[in-house]
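My numbering numbers the first residue of the sequence shown as 814 and each following residue consecutively.
All C-beta atoms, glycine included, are put in the ideal place defined by N, C-alpha and C.
Note that the structure is a prediction, hence the values are computed from the model and not measured.
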Amino acid sequence: MRRLLLPGLLLFCTLLGAGLIVPWRARLLYGLPSPRLSPLQRWLYSARLLWHDGLLTDPLSDSSLSIPFVISPGESIASIAARLEEHGLIRSATAFRDYLVYRGLDTTLRAGRYHLSASESAIEIAHAFQSPEPSQAILVIWPGWRLEEIAAALPASGLILNPDEFLAQAKQPGGSWPDLSFAASIEGFFFPDTYTLDRTTPADRLIALALENFTRHLTPEIRRGFEQQGLTLYQAVTLASIVERETVHAEEAPLIAAVYLNRLRLGMPLQADPTVQYALGWDGKSWWKAPLTPADLQIASPYNTYLHPGLPPGPIANPGLNALQAVANPASTEALFFRRRCDESGYHVFTRTYEEHLRNDCTDRR
């Protein structure tokens, strides 16, 4: 009798152990099962996941190449899994489906656009499908930015656009816009604004949209104002870019524009610090080095308005509407100089003579 009971007892213990160990091991490796599964289903899917082993946890390759993948509304998990395997993103469609059902993710997949790579495991992809990427990107461009700063803002916007690719297009000589046919780049003409775009917008389309936006804001009144100041559009935008970089408080922009226009008419050098900052470029911390040293003011560059009279070769940043209007409608003043007030308010003191200008030097008051 004991001989008959022993094999049965061993079989019972084996089955009991399997019944306990298999779900425990699956929970350890793959997480908690869906509460929607019955006890038998939990055990079966646990066993299937353990059987699949590395098919779920090991990426298909180490390639980080981004592959667009779209889940359509109402698409079945069988179709999704099959397409993933066809695209070379997962090792096994069957293993992927089993994991989705085990975790309860089969009912929470969200339709939308995703960007995946074969360096992600099937488990990582399954969880990525819970949060689709937004279909649109929001690119915020501030007044006073140079092209490199615009490029640096692209990744955070959600645009799938390489900053270097954008810069290469933006810095191409000429262009389809007549006012820029002779320009070295679109510097100064990427109108500052909030742009809502498709995430896949290419560089040439982004640039075209920015130029169209610039054109919309360039009213006939502003164009006439430029002409009344004796400036071409390109010259006016160049001056407005300097005014933009110098202005802290918007109400001072017409005064700052007037000072530079007065200097141009008298043949005086502009001596505008932002043009030197533009010539210096990146200093390891910023594109706009401050304060400038005496050595900085001697940099050999056509943009250095301390050394070269007149306007620099082109814009140094993207002026906003306020700066453009200031150049078109400058204040009525004979001032030829301005400098920051000593109260750190960001406001300026405007003077007609150099002697007055020197008396406003804050270093003499310390």
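What residues are listed by DSSP as bridge partners for residue i?
i, result
"Gln949", "Asp1011"
"His928", "Pro881"
"Phe1151", "Phe1163"
Tell me which residues share the same chain as residue i and place their Cβ nearer than 8 Å to its Cβ, disregarding the 5 neighbours each side in the sequence.
i, result
"Pro934", "Note on identity: in this sequence residue 934 is Ser, with Pro being the wrong assignment. Same-chain partners within the cutoff: Leu869, Thr870, Asp871 and Pro872."
"Gln949", "Gly971, Thr1009, Leu1010, Asp1011 and Arg1012"
"Arg838", "Ser859 and Leu863"
"Arg896", "Phe882"
"Glu1034", "Ala1141"
"Asp1096", "Lys1102"
"Ala906", "Ala891, Ala894, Ala895, Leu897 and Glu898"
Quick one: what does DSSP say residue i is sitting in, helix, strand or coil?
i, result
"Phe1003", "coil"
"Pro1107", "coil"
"Ile973", "coil"
"Leu824", "Caution applies to Leu824, whose pLDDT of 44 falls short of 50 and renders its modelled position unreliable; the model cannot decide the point."
"Arg840", "helix"
"Ser874", "coil"
"Leu1171", "helix"
"Val1061", "coil"
"Gln1042", "coil"
"Phe979", "helix"
"His1121", "coil"
"Arg1037", "helix"
"Gly887", "coil"
"Gly781", "The structure shown has nothing for residue 781, since the chain only spans 814 to 1179."
"Gln943", "coil"
"Trp1101", "coil"
"Ala1053", "helix"
"Asp866", "coil"
"Arg904", "coil"
"Glu1157", "coil"
"Leu913", "helix"
"Pro968", "helix"
"Thr1176", "helix"
"Gln985", "coil"
"Glu937", "helix"
"Leu993", "helix"
"Thr1116", "Reading off the sequence shown, one finds Tyr at residue 1116, where the question assumed Thr. DSSP places Tyr1116 in coil when its eight states are reduced to three."
"Ala860", "helix"
"Ile963", "helix"
Suppose contacts are defined by Cβ-Cβ distances below 8 Å. Is residue i in contact with residue j by that definition?
i, j, result
"Val1056", "Ile1069", "yes"
"Glu792", "Pro1128", "Since the first and last residues shown for the chain are 814 and 1179, residue 792 lies out of range."
"Pro956", "Asn1142", "no"
"Ala1148", "Ala1071", "yes"
"Tyr927", "Glu898", "no"
"Leu960", "Leu929", "no"
"Ile890", "Arg910", "yes"
"Leu902", "Ile936", "no"
"Ala1049", "Ala1136", "no"
"His865", "Ala908", "yes"
"Thr1176", "Phe1163", "no"
"Gly844", "Arg923", "no"
"Ala941", "Leu913", "no"
I need the boundaries of the beta strand (DSSP E) containing residue i, first residue and last residue.
i, result
"His1161", "His1161 to Thr1164"
For a cutoff of 8 Å on Cβ pairs, would you count residue i as touching chain C?
i, result
"Gly1123", "Among the protein chains of the structure shown there is no chain C, as only one such chain exists."
By the DSSP assignment, the alpha helix (DSSP H) with residue i in it spans what residues?
i, result
"Pro1067", "Ala1066 to Leu1079"
"Ala1021", "Ala1016 to His1030"
"Thr920", "Taken as a continuous stretch (DSSP letters only), Thr920 belongs to no alpha helix (DSSP H), as it is neither H nor E."
"Leu850", "That residue, Leu850, is in no alpha helix (DSSP H); it is neither H nor E in DSSP."
"Ala894", "Ile890 to Glu899"
"Tyr1091", "Asp1086 to Leu1093"
"Gln1138", "Leu1134 to Ala1141"
Ignore the nearest five residues each way along the sequence and tell me which others in residue i's own chain have a CB closer than 7 Å to its CB.
i, result
"Pro1125", "Thr1051, Thr1088, Pro1115, Tyr1116 and Thr1118"
"Glu962", "Trp1100"
"Ala997", "Pro986 and Gly1127"
"Gly1133", "Pro956, Pro1005 and Glu1057"
"Ser932", "Pro872, Ser874, Asp875, Ser876 and Ser877"
"Leu1110", "Val1089 and Tyr1119"
"Arg861", "Asp911"
"Ala964", "Pro976, Phe979 and Leu980"
Looking at the ligand SAH, does it come within less than 7 Å of residue i, judged from the CB to the closest heavy atom?
i, result
"His900", "Because no ligand of any kind appears in the structure shown, any question about the ligand SAH cannot be addressed here."
Residues in its own chain within less than 6 Å of residue i by CB, not counting five upstream and five downstream?
i, result
"Leu1083", "Tyr1073, Arg1076 and Thr1118"
"Thr1166", "none"
"Pro1122", "Pro1082"
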